[in-house]
Amino acid sequence: MGTEEGTVQISVASVVEEVLQQGKGLSDIDLASRKAEEASLRRYVAAGWLRKTIGVVAAKDLPAEPSEEDFRLGLRSGIVLCNVLNKVQPGAVQKVVEAPPDSVNVPDGAALSAYQYFENVRNFLVAVEEMGIPSFEASDLEKGGKSSRIISCVLALKSYSEWKHGGGSGSWKYSGNSKPSSAGKQFVRRNSEPFMNLISRTSSIINKSPDSSDVGHEAREMVNPSSLQMLVHDLLSDKKQEDIPFIVENMLSKVMEEFEHRLASQNEQSKTSHKETVVPTTDESPLELTCEETQVAIIEDEEKAPDEGTCGRVDIDDDGASTTPVVRQLMLVEHQHKEVQQLKSTLHDAKVDLQSLQLKYQEEVSNLGKHLHGLAHAASSYQKVLEENRKLYNQVQDLKGNIRVYCRVRPFLPGQPNSLSTVDHLDDGNITITTPSKYGKEGKKSFTFNKVFGPSGTQEEVFADTQPLIRSVLDGYNVCIFAYGQTGSGKTHTMTGPSDLTKETLGVNYRALSDLFNISEQRKDVNSYDISVQMVEIYNEQVRDLLTPDGVNKKYPSFT
Numbered sequence: 001m002g003t004e005e006g007t008v009q010i011s012v013a014s015v016v017e018e019v020l021q022q023g024k025g026l027s028d029i030d031l032a033s034r035k036a037e038e039a040s041l042r043r044y045v046a047a048g049w050l051r052k053t054i055g056v057v058a059a060k061d062l063p064a065e066p067s068e069e070d071f072r073l074g075l076r077s078g079i080v081l082c083n084v085l086n087k088v089q090p091g092a093v094q095k096v097v098e099a100p101p102d103s104v105n106v107p108d109g110a111a112l113s114a115y116q117y118f119e120n121v122r123n124f125l126v127a128v129e130e131m132g133i134p135s136f137e138a139s140d141l142e143k144g145g146k147s148s149r150i151i152s153c154v155l156a157l158k159s160y161s162e163w164k165h166g167g168g169s170g171s172w173k174y175s176g177n178s179k180p181s182s183a184g185k186q187f188v189r190r191n192s193e194p195f196m197n198l199i200s201r202t203s204s205i206i207n208k209s210p211d212s213s214d215v216g217h218e219a220r221e222m223v224n225p226s227s228l229q230m231l232v233h234d235l236l237s238d239k240k241q242e243d244i245p246f247i248v249e250n251m252l253s254k255v256m257e258e259f260e261h262r263l264a265s266q267n268e269q270s271k272t273s274h275k276e277t278v279v280p281t282t283d284e285s286p287l288e289l290t291c292e293e294t295q296v297a298i299i300e301d302e303e304k305a306p307d308e309g310t311c312g313r314v315d316i317d318d319d320g321a322s323t324t325p326v327v328r329q330l331m332l333v334e335h336q337h338k339e340v341q342q343l344k345s346t347l348h349d350a351k352v353d354l355q356s357l358q359l360k361y362q363e364e365v366s367n368l369g370k371h372l373h374g375l376a377h378a379a380s381s382y383q384k385v386l387e388e389n390r391k392l393y394n395q396v397q398d399l400k401g402n403i404r405v406y407c408r409v410r411p412f413l414p415g416q417p418n419s420l421s422t423v424d425h426l427d428d429g430n431i432t433i434t435t436p437s438k439y440g441k442e443g444k445k446s447f448t449f450n451k452v453f454g455p456s457g458t459q460e461e462v463f464a465d466t467q468p469l470i471r472s473v474l475d476g477y478n479v480c481i482f483a484y485g486q487t488g489s490g491k492t493h494t495m496t497g498p499s500d501l502t503k504e505t506l507g508v509n510y511r512a513l514s515d516l517f518n519i520s521e522q523r524k525d526v527n528s529y530d531i532s533v534q535m536v537e538i539y540n541e542q543v544r545d546l547l548t549p550d551g552v553n554k555k556y557p558s559f560t
């Protein structure tokens, strides 16, 4: 096999020339696509800043990523522009004609709105020109207008706002080329480094080969430098200054793709020819020299990498052919094996940690179970003690008597003389009454009660002796408290209280109900009570229900 088949003879200049020739027709399309993309990005940035400045509700007619038509329609009324300008420069537009509500029907509203909206746009343009911000024509907001000038004006206003929020130091000046950030420069920088490495590597291979002078001569003969200059001149001569970076970036990207494609193709051809051809070991052919020089160049280039270690070594078999793909596969397998070992180690550590957590949780659950068992035992004992206390309490109440009779002496009313009292003596449970006899002699009679309350007894003292019975009600016992006596003896005063109730003058009824609800509230976590109230009147041996709307007609059977 000859030298022409074994030596890598890819000319960078030829690749560049071919890409330039092919790219003449595509550069305009790519340029137009890039311009459209750039315009869309600028429009999105402008719309996003407008919505952020005045709020999404105020900018409801302006989408977040509007088309060119949506952007123009959203700003045509001038309301958004004037409100944003007043946010940046308060008072810049004195009067902003707002849109009428949707529910208001204005006759000839279209013409009136168009005139008012034109006033908004005119006021905005006058204000931005006074501030030194690039403006646009009012016709740009109509169909067919130049939206790029509107976008430039909005971006300039955004730049002014940022300068003002930053402190406003120095003088503000808009560059006029506010473009959104793109990855173009990064793309060129990222792709240019491997491109230069490939060029330098190929050059070193050609220079080190025995026939490097012939190869270099052939490469120089393949492409004339003047022809490259002509192609570049023809490609860029009719382009604008700001479009040249995009075109150069696009051409470099295509040169890289074409160069990598050719290298891959020749590498594949070299592998195929190596499998089909038997090369004698006693005589080194130009292919062997070229492959050896290639491996040496690759080793020298890869040994410069700081962290690759011995991964850059390339083995050469007995036939002198390169085994780089096999070595790379072995290196990849070894690397993956190391990663698998690391994953196994990490998994083992995770299992150990999980087992430790599991033991810890089991211990905590066991401790909680023991604590809960103790609480349950204590609660059971508490319930038993509570039930015993209830029984003892109610037994004490029974020992005091199932029926208790109390006597209360009514004090004299205002204006009554104290000498008319028939009470001769009273103590804790006895009262002595003086009664006139038929023969002019006074007699005395004594009466015994469970307790006697004198004229100075208060409502609280009267209720204190009956209060323990309220607890018996909640424990399931029937309790009845009522007052008996002749008219004017003070029954209503004792059971209800006077007409002007205070905390001290509340009667037995109010105090009993209040105590009933307080105890039920205290026991709500243990017991649930259903409380109902009934109020009746016994008059002329008839019972009337006082809590029903038709209580006048509802009568119970008379007692006989």
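To convert, note that position 363 of the sequence shown is 363 in the UniProt record's numbering; the numbers rise steadily by one, no gaps.
Note that beta-carbon positions come from the ideal geometry of N, C-alpha and C, so glycine has one too.
| field | Reduced DSSP secondary structure (H/G/I, E/B, other) of phenylalanine 453 | value | strand
| request: Return the residue from the list Asn430, Asn450, Ala376, Leu375 that minimises the CA-CA distance to arginine 404. | output: Residue Asn450 is the option with its Cα nearest to arginine 404.
| query | What separation, rounded to the nearest whole angstrom, lies between the Cα atoms of aspartate 398 and leucine 359? | reply | 58 Å
| Could you give the C-beta distance for threonine 458 and valine 508, rounded to a whole number, given that I count them as a contact under 8 Å? | So it is not a contact: roughly 12 Å between Cβ atoms.
| query | Going by DSSP, which residues form a beta bridge with serine 446? | reply | Residue pairing for serine 446: DSSP places it in a beta bridge opposite Thr432.
| query | From residue 638 to arginine 34, what does the alpha carbon distance come to, in whole angstroms? | reply | The structure shown does not extend to residue 638, since the chain is modelled only from 1 to 560, so the question has no answer here.
| Ordered along the chain, which non-local residues of its own chain (more than five positions away) have a Cβ less than 7 Å from that of methionine 495? | Ala483, Gly507, Val508, Asn509
| field | Bridge partners - histidine 425, DSSP secondary structure assignment | value | Thr432
| Can you list, in chain order, the residues of its chain whose CB lies under 7 Å from that of tyrosine 477, leaving out five sequence neighbours each side? | Excluding its 5 nearest sequence neighbours in each direction, tyrosine 477 has C-beta neighbours in its own chain below 7 Å: Asn394, listed in chain order.
| query | Which of helix, strand or coil does DSSP assign to valine 327? | reply | helix
| query | Where DSSP assigns a beta bridge to valine 536, which residues make up the other side? | reply | BP columns for valine 536 point to Asp545.
| Buried/exposed call for lysine 445, threshold 16 Cβ in 10 Å | exposed
| field | Supposed close pair leucine 155, valine 84 - CB separation, criterion 8 Å | value | Actually they are not in contact, since the Cβ atoms of leucine 155 and valine 84 sit about 12 Å apart, beyond 8 Å.
| message | Once DSSP output is grouped into helix, strand and coil, what is the label at histidine 480? | response | Checking the sequence shown, residue 480 turns out to be cysteine, not histidine. Cysteine 480 falls in the coil class under three-state DSSP.
| field | tyrosine 406 - DSSP class collapsed to helix/strand/coil | value | strand
| Among residues of its own chain, excluding the 5 on either side of tyrosine 44, which ones have a beta-carbon nearer than 6 Å to its beta-carbon? | Glu65
| query | Does the distance from the CB of isoleucine 470 to the CB of aspartate 515 come in under 7 Å? | reply | In terms of Cβ geometry, isoleucine 470 and aspartate 515 form a close pair [threshold 7 Å].
| Mapping DSSP to helix, strand and coil, what is glycine 374? | helix
| said: The alpha helix (DSSP H) that contains glutamate 142, what's its start and end? | reply: For glutamate 142, no alpha helix (DSSP H) encloses it, and the DSSP letter there is neither H nor E.
| task | Return the CA-CA distance between valine 536 and glutamine 486, expressed in angstroms with no decimal places. | result | 18 Å
| message | Using only CA atoms, which one of Arg51, Glu69, Ile151, Tyr117 lies nearest to leucine 41? | response | The option with the nearest alpha carbon to leucine 41 is Ile151.
| field | Alpha carbon of arginine 145 to alpha carbon of isoleucine 54, nearest angstrom | value | The sequence shown places glycine at residue 145, not arginine. Computed Cα separation, rounded: 25 Å.
| query | Would you report the Cα separation of arginine 51 and serine 345, rounded to the nearest angstrom? | reply | 52 Å
| field | As assigned by DSSP and simplified to three states, the class of asparagine 527 | value | coil
| DSSP three-state call for isoleucine 470: helix, strand or coil? | helix
| task | Compute the Euclidean distance between the alpha carbons of leucine 354 and arginine 390, then round it to the nearest angstrom. | result | 52 Å
| task | Ignore the nearest five residues each way along the sequence and tell me which others in valine 93's own chain have a CB closer than 7 Å to its CB. | result | Cys82, Leu85, Asn86, Asn123, Phe124, Ala127
| message | Quick check: the Cα distance between residue 597 and leucine 420, rounded to an integer number of angstroms? | response | The first residue shown for the chain is 1 and the last is 560, placing residue 597 beyond what the model contains.
| task | Would you decide whether residue 565 is buried or exposed? Buried here means 16 or more other CB atoms lie within 10 Å of its CB. | result | Outside the modelled stretch of the chain, which goes from 1 to 560, sits residue 565, for which no answer is possible.
| field | Residue span of the alpha helix (DSSP H) that contains isoleucine 133, given as start and end | value | No alpha helix (DSSP H) holds isoleucine 133; DSSP gives it neither H nor E.
| message | Pop quiz: leucine 62 and glycine 78 are said to be a contact at Cβ under 8 Å. What is the actual Cβ separation, rounded to whole angstroms? | response | A Cβ-Cβ distance of about 12 Å is found for the pair leucine 62 and glycine 78, leaving them out of contact under the 8 Å criterion.
| task | Whole angstroms is fine: what's the gap from glycine 443's alpha carbon to glycine 401's? | result | 31 Å
| Is the Cβ-Cβ distance between glycine 68 and serine 147 less than 7 Å? | Strictly speaking, residue 68 in this sequence is glutamate, with glycine absent from that position. Yes. Within cutoff.
| request: Tell me where the alpha helix (DSSP H) around arginine 510 begins and ends. | output: The amino acid occupying residue 510 in the given sequence is tyrosine; arginine does not appear at that position. Note, tyrosine 510: alpha helix (DSSP H), 508-522.
| field | Contact check, isoleucine 431 vs valine 452, beta carbons under 7 Å | value | yes
| query | According to the neighbour-count rule (16 or more other Cβ atoms, all chains shown, within 10 Å of its Cβ), is tyrosine 361 buried or exposed? | reply | exposed
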